[in-house]
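A.B. asks: The structure that follows is given in the form of structure tokens.
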Amino acid sequence: MKQNPDGVPDALQAFATQTYGTPQEWRPLSGGRSNRSWHLRVGADDRVFKLFDPTRGNSLFPNEAPAEVSTLKTLHGTGLAPEFETSFETRCGMCLVYRYVEGERTATTDAATMRALARLHILKPTMTVRRVCITPEELLQEGMVFLSGLATYEAGWLLRHMPEPEDIATGPDVFLHGDPVPANVIAAGSERVLIDWQCPAYGDATADLAIALSPAMHVVYGMEPLTREAEVKALQGYSDTETIARYQALKPYYHWRMAAYCAWKAAQGEAVYAQAFEAELNALRDAP
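Here is the structure:
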């Protein structure tokens with residue numbers, strides 16, 4: 015592990031020295047697209063320093079440091095999230111410190127990840143978080159916000175192929191991770207620990223399933239989209255058959271919204287989202 019690498023802000027190193035002592039070993043962590051994180055080792059203790067970028071975040075994926083702090087405190091002892099230690103302000107943004115989770119980021123969404131989400135969705139935390147509304151009309155409306163003002167081929171195709179909204183009842187509100195992509199899931203043995211809790215929410219459980227299984231979100235993080243067979247196998251890890259059935263009914267709308275999001279991100283110059291758009295578009299075309 016590299017000693018005091020370039021790129022670790024002085025404020026983080028100073029806080030670590032005052033709070034945890036020396037010598038320090040720092041290693042940058044990959045995976046996050048909105049914020050920067052480092053693994054700090056002082057003696058036998060391992061921690062993560064996560065520095066928030068206040069300029070990042072959008073309506074689909076907010077980037078709220080206080081929400082992550084509240085979530086980590088709420089989930090203390092569940093094994094679903096890292097153990098929170100502290101947070102502090104810097105001139106660059108808020109920094110969170112939590113215990114490092116030994117393991118590897120998952121390479122794809124699998125049944126074990128779905129079991130972890132099912133465990134999360136039955137919890138009743140008392141914290142206040144945003145509520146997401148999940149109906150076909152609302153998913154289409156959210157996608158339209160991303161397409162507003164875009165004069166690209168991708169936007170035009172989506173506007174010409176918008177699914178007709180159907181009457182699909184929403185499910186009960188549950189506690190949502192908000193961004194359970196494979197890069198935000200740590201495989202710790204046979205268990206899964208969810209990280210990067212900057213956009214938690216309440217809403218229909220299908221919202222988490224859609225993000226976890228999204229072809230676009232796999233591509234963005236350098237992974238292959240799930241095959242149809244792999245998606246079926248992953249969903250076998252989720253315990254609520256009614257939620258799975260509702261997700262299947264809502265898939266065209268989730269794929270359309272995600273494709274709209276990718277079209278918007280690609281128009282902002284993030285090239286990987288052009289590939290992600292194609293992956294989500296293929297899934298939209300295959301959706302019933």
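All residue numbers in the sequence shown are consecutive under this note's numbering, ending with 302. Quick reminder that beta carbons are idealized off the backbone N, C-alpha and C, glycines included.
1. Would Ser48 and Arg70 be called neighbours here (beta carbons separated by less than 7 Å)?
2. Where does Cys147 sit, in a helix, a strand or coil, going by DSSP?
3. Nearest to Asp254 by CA position, among Trp211, Ala79, Glu116 and Leu134, is which residue?
4. In or out: Val199 buried (at least 16 other Cβ within 10 Å) or exposed?
5. Which word fits Gly192, buried or exposed, when buried means at least 16 other C-beta atoms lie within 10 angstroms of its C-beta?
6. Compare the Cα-Cα distances from Glu99 to each of Gly21, Thr36, Glu256 and Lys64 and report the closest residue.
7. Leaving out five residues before and five after Lys87 in sequence, what residues of the same chain have Cβ atoms less than 7 Å from its Cβ?
8. Taking Ile225 as the reference, give the member of Ala273, Arg50 and Pro179 with the closest Cα.
9. In whole angstroms, give me the CA-to-CA distance for Leu298 and Glu151.
10. Going residue by residue through the segment 33-70, where are the continuous beta strand (DSSP E) segments of at least 3 residues, counting only ones entirely within it?
11. Got a sec, what are the start and stop residues for the alpha helix (DSSP H) Val246 sits in?
12. Rounded to whole angstroms, what is the Cα-Cα separation between Leu89 and Gln289?
13. Pull up the DSSP beta-bridge partners for Ile200, would you.
14. For the candidate residues Phe29, Ala25 and Asp222, whose alpha-carbon lies nearest to that of Arg260?
15. Compute the Euclidean distance between the alpha carbons of Leu208 and Gly251, then round it to the nearest angstrom.
16. Below 8 Å, can you find three or more Cβ-Cβ pairs linking the segment 153-168 to the segment 273-285?
17. Residues in its own chain within less than 7 Å of Tyr267 by CB, not counting five upstream and five downstream?
18. With C-beta atoms as the reference, is Pro96 less than 7 Å away from Arg113?
19. Between which two residues does the beta strand (DSSP E) holding Ser101 run?
20. Suppose contacts are defined by Cβ-Cβ distances below 7 Å. Is Ala215 in contact with Gly185 by that definition?
21. Starting from Cys276, trace the alpha helix (DSSP H) in both directions and tell me its first and last residue.
22. Going straight from the alpha carbon of Leu110 to that of His53, what length do you get?
23. Rounded C-beta distance between Met128 and Leu249? I'm assuming under 8 Å.
C.D. replies: Inspection of the coordinates gives the following:
1. Mapped onto the sequence shown, residue 48 falls at position 34. Mapped onto the sequence shown, residue 70 falls at position 56. Yes, these two residues count as a Cβ contact at 7 Å.
2. As a first step, residue 147 is located in the sequence shown; it is residue number 133 there, counting from the start. If DSSP states are grouped into helix, strand and coil, Cys147 belongs with coil.
3. Translated into positions along the sequence shown, residue 254 becomes position 240. It is Leu134 whose Cα lies nearest to the Cα of Asp254.
4. What you label residue 199 is simply residue 185 of the sequence shown in a count that begins at 1. It is buried - the Cβ of Val199 has at least 16 other Cβ atoms within 10 Å.
5. Sequence index remark: in the sequence shown, residue 192 carries index 178 (1-based). Per the 10 Å Cβ criterion, buried.
6. Taking the first residue of the sequence shown as 1, we reach residue 99 at position 85. Among Gly21, Thr36, Glu256 and Lys64, the Cα nearest to that of Glu99 belongs to Lys64.
7. Looking up residue 87 in the sequence shown gives position 73. Around Lys87: Phe98.
8. What you label residue 225 is simply residue 211 of the sequence shown in a count that begins at 1. Comparing Cα positions, the closest option is Ala273.
9. Along the sequence shown, read from residue 1 onward, the residue named residue 298 stands at position 284. Along the sequence shown, read from residue 1 onward, the residue named residue 151 stands at position 137. Computed Cα separation, rounded: 17 Å.
10. 39-43, 50-56 and 59-65
11. Within the sequence shown, residue 246 is the residue found at index 232, counting from 1. Segment Arg242 to Leu249, the alpha helix (DSSP H) holding Val246.
12. Counting from one through the sequence shown, the residue named residue 89 turns up at place 75. Counting from one through the sequence shown, the residue named residue 289 turns up at place 275. Between Leu89 and Gln289, the C-alpha separation is close to 35 Å.
13. Taking the sequence shown and counting its residues from 1, one reaches residue 200 at position 186. Ile200 is bridged to Arg119 and Val207.
14. Taking the first residue of the sequence shown as position 1, residue 260 is located at position 246. For the residues Phe29, Ala25 and Asp222, the minimum Cα distance to Arg260 belongs to Asp222.
15. Within the sequence shown, residue 208 is the residue found at index 194, counting from 1. Within the sequence shown, residue 251 is the residue found at index 237, counting from 1. Rounded to whole angstroms, Leu208 to Gly251 spans 16 Å at the Cα level.
16. yes
17. Locating residue 267 in the sequence shown gives position 253, where the first residue counts as 1. Closer than 7 Å at Cβ, skipping near neighbours: Pro150, Leu153, Leu154 and Pro177.
18. Numbered from 1 along the sequence shown, position 82 holds the residue referred to as residue 96. Numbered from 1 along the sequence shown, position 99 holds the residue referred to as residue 113. Yes, they are a contact pair.
19. Counting from one through the sequence shown, the residue named residue 101 turns up at place 87. Looking at the DSSP string, the run of the beta strand (DSSP E) that includes Ser101 is Phe98 to Thr104.
20. For the purposes of this step, residue 215 is taken as the residue at position 201 of the sequence shown. For the purposes of this step, residue 185 is taken as the residue at position 171 of the sequence shown. No; because the gap between Cβ atoms is not below 7 Å, this pair is not in contact.
21. In the sequence shown, residue 276 corresponds to position 262, counting from 1. That run of the alpha helix (DSSP H) goes Thr255 to Ala281.
22. Residue mapping note: residue 110 aligns to position 96 of the sequence shown, counting from 1. Residue mapping note: residue 53 aligns to position 39 of the sequence shown, counting from 1. Each residue's alpha carbon lies about 12 Å from the other.
23. As a working mapping, residue 128 is identified with position 114 in the sequence shown. As a working mapping, residue 249 is identified with position 235 in the sequence shown. Contact holds; Cβ gap of about 6 Å.
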